[in-house]
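One structure is given below, encoded as structure tokens.
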Amino acid sequence: MRVLLLLLTLSCGLYLVSESYYRSHISMEGQYQARLSDLRVERNQLHEVIDATIQEETFQTDLYLEIDGIDSVSVFHSRGKFLQFKQGVYRYSAEITATQQADITNIETSDGYKDMLQRSGMEESGEITLLYLDKKIALVESGQQKNIYLYVRQP
């Protein structure tokens, strides 16, 4: 009986240690921030800040978008869930809402903003490829253009 109790105690201890290690070293759970500036097109500069919160299989993001062709920073919020994880690829489903809209000042240079407005209010699905993960950063590839984002874990 004592041996059984000892084995049960050791099993519980090992589970708690492995769960703690997973949450602190392997799990993507936490708050992250990414910044993107695209200066390739001379007349159409794009700046994005993405704040992301991941909890188990759900996530929320706030995207702050500043782009030539709009008069102020626009904000988009998304809420979604991870549907599947296989070999470093996360499949997800999310709904985007425009929480702060800007006025378009130049129709020719506001394509990124117009794209986000079109995606608002609709459920979308996609894939995120996890390229690297440690306790401080996550490097992911996402989007149709396969953009690579460096997310820094926030304290």
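Here the sequence shown is numbered in the working numbering, starting from -13 and rising by one per residue. Glycine residues also receive a C-beta, built at the ideal position from the N, C-alpha and C atoms. Every value quoted in this text rests on a predicted model; they were computed, and no experiment measured them.
Other residues of its chain near residue i: CB distance less than 7 angstroms, five sequence neighbours each side excluded
| i | result |
| --- | --- |
| Gly107 | Thr83 |
| Gln87 | Ser60 |
Buried versus exposed call for residue i [16 or more other C-beta atoms within 10 Å across all chains shown]
| i | result |
| --- | --- |
| Tyr118 | exposed |
| Leu51 | buried |
| Ile93 | exposed |
| Gly98 | buried |
| Gly66 | buried |
| Leu151 | Residue coverage of the chain in this structure runs from -13 to 141, which leaves residue 151 outside it and unanswerable. |
| Gly112 | exposed |
Rounded straight-line distance, which links the Cα of residue j to that of residue i
| i | j | result |
| --- | --- | --- |
| Ala38 | Asp101 | 20 angstroms |
| Phe62 | Asp120 | 27 angstroms |
| Arg9 | Ile123 | Because Arg9 sits at a pLDDT of 46, beneath the cut-off of 50, its placement in the model cannot be relied upon, and the following sentence gives the value as read from the coordinates. So the alpha carbons of these two residues sit roughly 14 angstroms apart. |
| Gln104 | Ile53 | 16 angstroms |
| Tyr137 | Arg21 | 8 angstroms |
| Thr91 | Gly129 | 26 angstroms |
| Asp89 | Tyr135 | 27 angstroms |
| Ser23 | Glu127 | 16 angstroms |
| Gln142 | Ser58 | The structure shown has nothing for residue 142, since the chain only spans -13 to 141. |
| Ile36 | Gln73 | 25 angstroms |
| Gln46 | Glu34 | 16 angstroms |
| Asn133 | Thr115 | 10 angstroms |
Span of the beta strand (DSSP E), counted from its first residue to its last, around residue i
| i | result |
| --- | --- |
| Lys72 | 60 to 72 |
| Ala38 | 32 to 41 |
| Ala80 | 75 to 86 |
| Ile93 | Ile93 -> no beta strand (DSSP E), and no H or E assigned at all. |
| Asp24 | 16 to 24 |
Residue span of the alpha helix (DSSP H) that contains residue i, given as start and end
| i | result |
| --- | --- |
| Gln104 | 97 to 105 |
Close-in-space but distant-in-sequence residues of the same chain around residue i (CB under 8 angstroms, 5 per side omitted)
| i | result |
| --- | --- |
| Arg139 | Gly16, Gln17, Tyr18, Lys121, Lys122, Ile123, Ala124 |
| Glu109 | Ser79, Ala80, Glu81 |
| Gln41 | Glu15 |
| Ser142 | Any question about residue 142 goes unanswered here, given that the chain covers just -13 to 141. |
| Val75 | Glu113, Ile114, Thr115, Leu116 |
Beta bridge counterpart(s) of residue i as assigned by DSSP
| i | result |
| --- | --- |
| Gln46 | Thr39, Arg65 |
| Asn133 | Ser128 |
| Leu51 | Glu34, Ser60 |
| Leu117 | The partner list for Leu117 (beta bridge, DSSP) is empty, contrary to what the question assumes. |
Any non-hydrogen atom of the ligand MN closer than 7 angstroms to residue i Cβ
| i | result |
| --- | --- |
| Asp24 | Among the components modelled here there is no ligand, and therefore nothing to report on the ligand MN. |
Cutoff 6 angstroms; reference residue i; Cβ partners in own chain excluding five residues on either side
| i | result |
| --- | --- |
| Arg77 | Leu69, Gln70, Glu113 |
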